[in-house]
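Here the protein sequences line up with chains X and C, keeping their order. Per the working numbering, the first sequence starts with residue 698, numbered consecutively. Per the working numbering, the second sequence starts with residue 2, numbered consecutively. Think of the CB as a built atom: it goes at the ideal place given N, C-alpha and C, for glycine as much as any other residue. Predicted model only: the values in this text are computed from it and were never measured. Inspection log for the structure reproduced underneath, given as structure tokens.
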Amino acid sequence: MINNEFIAKIEGHGSLDIDWARKKAELKILEGERLFEGLLVGRPAKDAPWITARICGVCPIAHNLASLKAVEAAFGIIPNKTTILLRKLMVASQIIQSHTLHLFFLALPDYLGLDSGLELAKKNPAAFKAALALKGISDEISHAVAGREVHPTTTAIGGFNKIPDKKTLKYLLNKLDKNINSALTAVNVCRKINYPKYNIGLEFVSQTDRKNYPGYDSAEIISSKNDYSSIDNYKDDIAEEIRKNSTAKFAKYKKREVMVGALARLATHQNYLVPVCQKYLKEIDFKNPFYNNFAQAVEILHFYQKAREIIGILLQEELDPRIISPSNHPPLKGIGAVEAPRGGLYHEIHLDDKGKIIFVNIITPTVQNLTSMEKSSQAVLDQSPKISSAEAQKLIEMLIRAYDPCITCAVH
Amino acid sequence: MKNITLGIFDFTDCEGCQVELVALKEKLLAFSERVEIVNWRLGQKKSKFEQFDVALIEGTPLVQEEIDLLKIIREKSKLVIGLGTCATLGGIPGIMDKEERQKWYEKIYGPGYKGRGIDALPLSAYVKVDFLIHGCPVNGTELTRIFSDLINNKKLNYKDYSVCFPCKVANIPCRLLENKPCLGPITQGTCGAICLKGGSPCYGCFGVKDGANVGALLTILNNFASKEEIENYFSMFHNKSKLYDK
């Protein structure tokens, strides 16, 4: 194994095999198995959010919240309004953090002909400045609410160990107000990119509550084919396939290859975007997965505005720091569903009557996207009959990066 | 002038320590102007694999290819530094005991699946490691201190205070006095007691402080905590560091 056989600038270890004679693309996932669904069993419920955050350093908040929701459902806990608002703020900062990192550091260099995101500093200082500002403010929100930019320390089953005071919230709001241009710059940089042109029949899937842009509140799964399904059926609907030579499973939604993540949320929830984002919708080609990068930039702006809105509400209310205790006859089984930056994330946790974990199942967004990535790679190969093998290799690596796969999540 | 060649490698882990590295923002840019990053899969396409003055390695060498690569990196590097608790102690993946892996491969992937992972161990199980930057994840201020020492050719050193020091400075009520378990007294304090500030306990991810009295802490813990509870704390990050005999 030489390091550069792996696809560079994606989160985790995957390689791409193209069989040139048959013109077939195959993704190989080689990340080691950490067996999170096993190592949690036998440990107390409090360990679930603490440990699952460590599945992924890029979206730890999403895992932390999914586990909290699963354990709270198992304990029959309904958290208070302050808790829900603060968690929604965490979702917003998580999506800005993750999209900023991916767009500017991993994906943008592809389109600008750079080797690394650090080169942006000289080649496009305005974009680099915006990236630093976005990363800075989203890290600060995560730090203030979750306790740290990576791996939360303040969150607890039933609420928060510690909530930010109003002075801190005011500081964050002021900082968001002052840096709005950084979010607009992200969109402007991404709308000017010349995305490779492909026409791929994509089906999009996202969690939804039918009332808001997806994020923390999820009751159902919606597909762009307009079918709805309850989150309770997630395990039947999202069937995982075990493949030879892959430590990640490959999932299909109702036996179909679907795309999840920013482009999928945008496609299925256009009317729920904040007004300032609406005008970009017509510039997005929903038949082209490369536009996921544009969609991520639009979501940065959307969640930036959402963060301001949530902090505004928190500042008007009396903050309730109380932690809710388990109910008397809890079901001891729970599902926690959250839209992570890369798409729908599902944690299912079962407890015994002492509160010890006896079963865990986790389905991550990237596992759902892997199948779609292969399908799109194939379409790119089929629709580019004249390109050289080197060009095709480069193009498909770019396509895979555009999906923003998180292999460490996928394997977990 | 760029007089240091640096390779940044990631084995099996969550990559959160590299996220902390990127979170240094301007400081990372300044650092990257003083060293030549010749290999960094997550950060750049360019990758040279010849000699490294410094190899920064994140993650646990879980699969055979990673163990082999680790040994090659060791041969090619003057200084090997572990980045984060997976690399320095085995960390969260180390919670899984080697003997249990086969059972879980079958439960999670089904019968017939051939697992790739061998055992989640720290880098030091296979090669000599020159310096450990502990933390799950690592701490930005500590990273800056170490990078600054590196580019100034200083010998890298550990700080000799425990988590209790920043915890007291922050005026946080002592968990042990409230009969709640905590590994703060035996753990290096360069984390700034960040977990305690967030209301969480210390599970010792910053590694054992030089001269720590583990036995004394166990005596105190045994006064109020069950054996199972104590094991829960020591197994979070230290399951493979042999700090505590079950």
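Problem - Proximal residues of chain X, C-beta to C-beta of Arg75 of chain C below 9 Å - result: Those within 9 Å of Arg75 of chain C in chain X number zero; the least Cβ separation is about 15 Å.
Practice task
Look at the Cβ atom of Cys175 of chain C, then the Cβ atom of Ala194 of chain C, and state whether they are nearer than 7 Å.
Solution key: In terms of Cβ geometry, Cys175 of chain C and Ala194 of chain C do not form a close pair [threshold 7 Å].
Practice task
Using a cut-off of 7 Å between C-beta atoms, extract the partners of Glu734 of chain X located in chain C.
Solution key: For the C-beta of Glu734 of chain X, the chain C residues within less than 7 Å are, from N- to C-terminus, Ile109.
Problem - CB of Val128 of chain C within 7 Å of CB of Leu71 of chain C, strictly - result: Taking 7 Å as the Cβ cut-off, Val128 of chain C and Leu71 of chain C qualify as a contacting pair.
Practice task
Provide the residue span of the alpha helix (DSSP H) that contains His840 of chain X, from first to last.
Solution key: His840 of chain X -> alpha helix (DSSP H) spans 822-843.
Problem - Neighbour-count burial assignment, Ala121 of chain C, 16 or more Cβ in a 10 Å radius - result: Classification for Ala121 of chain C: buried.
Handout entry: Members of the segment 110-121 of chain C near chain X, C-beta cut-off 9 Å
Key = Hits within the stretch, in order: Tyr110, Gly111, Gly113, Tyr114, Lys115, Gly116, Arg117, Gly118, Ile119, Ala121.
Problem - Limits of the alpha helix (DSSP H) - the one that Leu1092 of chain X falls within - result: Where Leu1092 of chain X is concerned, the enclosing alpha helix (DSSP H) stretches over 1086-1100.
Exercise for the section: Tell me whether Thr851 of chain X sits in a helix, a strand or coil according to DSSP, three-state version. Expected result: Residue state, collapsed to three classes: coil.
Problem - Beta-carbon contacts of Met698 of chain X that lie in its chain and below 6 Å, excluding the five residues immediately before and after - result: Low local confidence applies: a pLDDT of 38 at Met698 of chain X is under 50, so the model's placement there is unreliable, with the coordinate-based value given in what follows. If we look at Met698 of chain X and ignore the five residues flanking it on each side, it has no Cβ neighbours.
Handout entry: Cβ contact check for the segment 1080-1096 of chain X and the segment 795-802 of chain X: 3 or more pairs under 8 Å
Key = Cβ pair count under 8 Å is below three, so no.
Practice task
Compare the C-alpha of Thr1063 of chain X against each of X:Phe991, X:Glu1088, X:Asp1101, X:Pro911 and name the closest.
Solution key: Just measuring C-alpha positions, the residue of X:Phe991, X:Glu1088, X:Asp1101, X:Pro911 sitting nearest Thr1063 of chain X is X:Asp1101.
Practice task
Look at Leu1155 of chain X and Pro746 of chain X and say whether their C-beta atoms are less than 7 Å apart.
Solution key: Within the shown structure, residues of chain X are numbered from 698 to 1109, placing residue 1155 of chain X beyond reach of any answer.
Problem - Buried versus exposed call for Leu960 of chain X [16 or more other C-beta atoms within 10 Å across all chains shown] - result: So Leu960 of chain X ends up on the buried side.
Exercise for the section: Would you mind sorting Asn700 of chain X into buried or exposed? The rule is 16 or more other CB atoms within 10 Å of its CB. Expected result: Residue confidence for Asn700 of chain X is low, a pLDDT of 45 falling below 50, so the modelled location carries little weight; the figure read from the coordinates is stated next. Here Asn700 of chain X is buried: its Cβ has 16 or more other Cβ atoms, across all protein chains shown, within 10 Å.
Handout entry: Spatial distance of Val995 of chain X from Tyr988 of chain X (CA atoms)
Key = Each residue's Cα considered, the two are about 11 Å apart.
Practice task
Look up Met956 of chain X in the DSSP assignment and say whether it is helix, strand or coil.
Solution key: In the structure shown, Met956 of chain X sits in a strand (DSSP, three-state: E or B).
Practice task
Can you pull the chain X residues whose beta carbon is under 7 Å from the beta carbon of Pro138 of chain C, in chain order?
Solution key: Using a Cβ-Cβ cut-off of 7 Å, Pro138 of chain C is close to Gly754, Val847, His848 of chain X, given in chain order.
Exercise for the section: Kindly give me the distance between the Cβ atoms of Ala824 of chain X and Phe801 of chain X, rounded to whole angstroms, as I take these residues to be in contact under 8 Å. Expected result: The Cβ separation is near 7 Å, so the contact holds.
Exercise for the section: Step through the CB atoms of chain C and report whether any lies within less than 7 Å of the CB of Tyr1100 of chain X. Expected result: No, because no Cβ of chain C sits closer than 7 Å to the Cβ of Tyr1100 of chain X.
Practice task
With distances taken Cα to Cα, identify the nearest neighbour of Glu723 of chain X among X:His1044, X:Lys941, X:Cys1103, X:Leu809.
Solution key: Measuring from the Cα of Glu723 of chain X, the nearest candidate turns out to be X:Lys941.
Handout entry: Same chain, Cβ closer than 6 Å to Lys1030 of chain X, five either side skipped, listed in chain order
Key = Closer than 6 Å at the Cβ level, and outside the excluded window around Lys1030 of chain X, lie Ala771, His1047.
Exercise for the section: Note down, in chain order, every chain C residue with its Cβ under 8 Å from the Cβ of Phe802 of chain X. Expected result: Below the 8 Å Cβ cutoff, chain C contributes Val23, Gly44 as neighbours of Phe802 of chain X, in chain order.
Problem - Interface residues of chain X facing Gly17 of chain C [CB-CB closer than 8 Å] - result: Under the 8 Å cutoff, chain X gives Arg751, Cys753, Gly754, Val755, Pro757, Val847, His848.
Handout entry: Cut-off 6 Å between Cβ atoms - residues of its own chain near Asp716 of chain X, not counting five sequence neighbours on either side
Key = There are no such residues.
Handout entry: Residues from the segment 898-923 of chain X in contact with chain C, defined by Cβ distance under 8 Å
Key = Cβ contacts with chain C come from no residue of the segment 898-923 of chain X.
Handout entry: Reduced DSSP secondary structure (H/G/I, E/B, other) of Ile93 of chain C
Key = Ile93 of chain C falls in the helix class under three-state DSSP.
Exercise for the section: Measure the alpha-carbon distance for Gln993 of chain X versus Val209 of chain C and round it to whole angstroms. Expected result: The straight-line gap from Cα to Cα measures roughly 41 Å.
Practice task
Assign Ser764 of chain X to one of three DSSP states: helix, strand, or coil.
Solution key: Here DSSP, grouped into helix, strand and coil, assigns Ser764 of chain X to helix.
Practice task
Would you kindly check if the distance between the Cβ of Leu30 of chain C and the Cβ of Ala916 of chain X is under 7 Å?
Solution key: No, Cβ-Cβ distance for Ala916 of chain X and Leu30 of chain C is not below 7 Å.
Handout entry: Thr905 of chain X versus Val755 of chain X - alpha carbon distance
Key = Each residue's Cα considered, the two are about 23 Å apart.
Problem - Nearest candidate by alpha-carbon position, reference Phe991 of chain X, set X:Asp812, X:Leu881, X:Arg1005 - result: When only C-alpha atoms are compared, the closest one is X:Leu881.
Problem - Contact set for Lys160 of chain C: own chain, Cβ-Cβ below 6 Å, skip 5 residues either direction - result: Answer for Lys160 of chain C: Thr191, listed in chain order.
Handout entry: Beta carbon proximity, Lys859 of chain X to chain C, threshold 7 Å
Key = It does: the Cβ of Lys859 of chain X has a partner Cβ on chain C nearer than 7 Å.
Practice task
Verify the CB distance criterion: does Ile93 of chain C have a CB-CB separation below 7 Å to chain X?
Solution key: Closer than 7 Å: yes.
Practice task
Taking Tyr895 of chain X as the reference, give the member of X:Ala948, X:Pro861, X:Lys976, X:Leu1092 with the closest Cα.
Solution key: Out of X:Ala948, X:Pro861, X:Lys976, X:Leu1092, the CA that lies nearest to the CA of Tyr895 of chain X is found in X:Leu1092.
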